[in-house]
Amino acid sequence: MTSVPEVARDTRRAAAAGPAIEADALRQAFRRHAAGVTVVTCVGAAGPVGFTATSVASLSAAPPLLSLSLAVTSSSAPAVLEAETLIIHLLSSGHEEIARRFATRGIDRFAAPTRWETLPTGEPLLSDVAVWLRARIEHRISAGESYLVVAEVIGCQVDRADEPLVYHDGRYATLTDVPAPDGLAQEPEG
Numbered sequence: 001m002t003s004v005p006e007v008a009r010d011t012r013r014a015a016a017a018g019p020a021i022e023a024d025a026l027r028q029a030f031r032r033h034a035a036g037v038t039v040v041t042c043v044g045a046a047g048p049v050g051f052t053a054t055s056v057a058s059l060s061a062a063p064p065l066l067s068l069s070l071a072v073t074s075s076s077a078p079a080v081l082e083a084e085t086l087i088i089h090l091l092s093s094g095h096e097e098i099a100r101r102f103a104t105r106g107i108d109r110f111a112a113p114t115r116w117e118t119l120p121t122g123e124p125l126l127s128d129v130a131v132w133l134r135a136r137i138e139h140r141i142s143a144g145e146s147y148l149v150v151a152e153v154i155g156c157q158v159d160r161a162d163e164p165l166v167y168h169d170g171r172y173a174t175l176t177d178v179p180a181p182d183g184l185a186q187e188p189e190g
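Note that full-length UniProt numbering gives residue 142 to position 142 of the sequence shown, counting from 1, and the numbers run on in steps of one.
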């Protein structure tokens, strides 16, 4: 099994910052944070593995890196800890059932009605997804009750510009455009 290093803690600032908040308080705060919905797939020892994730984020454009986290208790964790590569499917509106299916425990997520194929490189690819990325895992870090995975994007397919699926306050949703003042587009810095 792959060794997963612990996250280094900066003990110099721990006393000044005060105690950490309770886990439920953090969960409540992040229920208010809308996040894009993805399905992450890889090859496991017994076949294809996949899970719904809202933690996927672009980390760096040069080199092209992304990050994601998954619970230590996730049934997909052993496969992700051993996999060399992942496929990250960016879900669109209309993919709510795929998101729900890959978030459901105790089922064969790749059984019908899931439509998928095996890439020439061996990873499972979901059908009819507008955007997917192939990534090579660079780092796996144990962080509290989760694993943080950093991966380099080594392939990207963008087929069409669909409306994204987001997760907010315990439900799936789509976005509504908010026009920028005076027509100015403003990009976030981080």
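Think of the CB as a built atom: it goes at the ideal place given N, C-alpha and C, for glycine as much as any other residue.
Where Val40 is concerned, the enclosing beta strand (DSSP E) starts and stops at 38-44. For Val56, the secondary structure class from DSSP, reduced to helix, strand or coil, is coil.
Each of Asp108, Ala34, Pro124 was checked against the Cα of Val43, and the nearest Cα belongs to Pro124.
Boundaries around Glu152 are those of the beta strand (DSSP E), 146-158, since no alpha helix (DSSP H) includes it. Ranked by Cα distance from Ser142, the first of Leu65, Thr41, Arg136, Ala71 is Ala71. Rounded to the nearest whole angstrom, the C-alpha separation of Pro48 and Tyr147 is 20 angstroms. When rounded, the separation of the alpha-carbon atoms in Glu138 and Val149 is 8 angstroms. The beta carbon of Trp132 sits closer than 8 angstroms to the beta carbons of Ile87, Ile88, His89, Leu90, Leu125, Leu126, Cys156, Gln157 from its chain, once the five residues preceding and following it are set aside; these are given in chain order. Judged by DSSP secondary structure, Val178 falls outside any alpha helix (DSSP H); it is assigned neither H nor E. Assignment of Val49 by DSSP, reduced to helix, strand and coil, places it in the strand class.
With fewer than 16 other CB atoms across the displayed protein chains lying within 10 angstroms of its CB, Ser58 is exposed. Here Ile98 is buried, its C-beta having at least 16 other C-beta atoms within 10 Å.
Rounded to whole angstroms, Thr85 and Glu187 show a C-alpha spacing of 30 angstroms. With respect to the 8 angstroms criterion, Ser67 and Gly50 are not classified as neighbours on the basis of their beta carbons. Counting of Cβ neighbours within 10 angstroms places Val178 among the exposed residues, the total staying below 16. When the five nearest sequence neighbours on each side are left out, no beta carbon in the same chain lies closer than 6 angstroms to the beta carbon of Thr114. Note on Leu165: 16 or more other CB atoms within 10 angstroms of its CB, so buried under the neighbour-count rule. In this structure, Glu152 lies away from Ser92, with their beta-carbon atoms at least 8 angstroms apart. Beta-bridge partners assigned by DSSP to Arg171: His168. If you draw a straight line from the Cα of Pro120 to the Cα of Ala62, it comes to about 26 angstroms.
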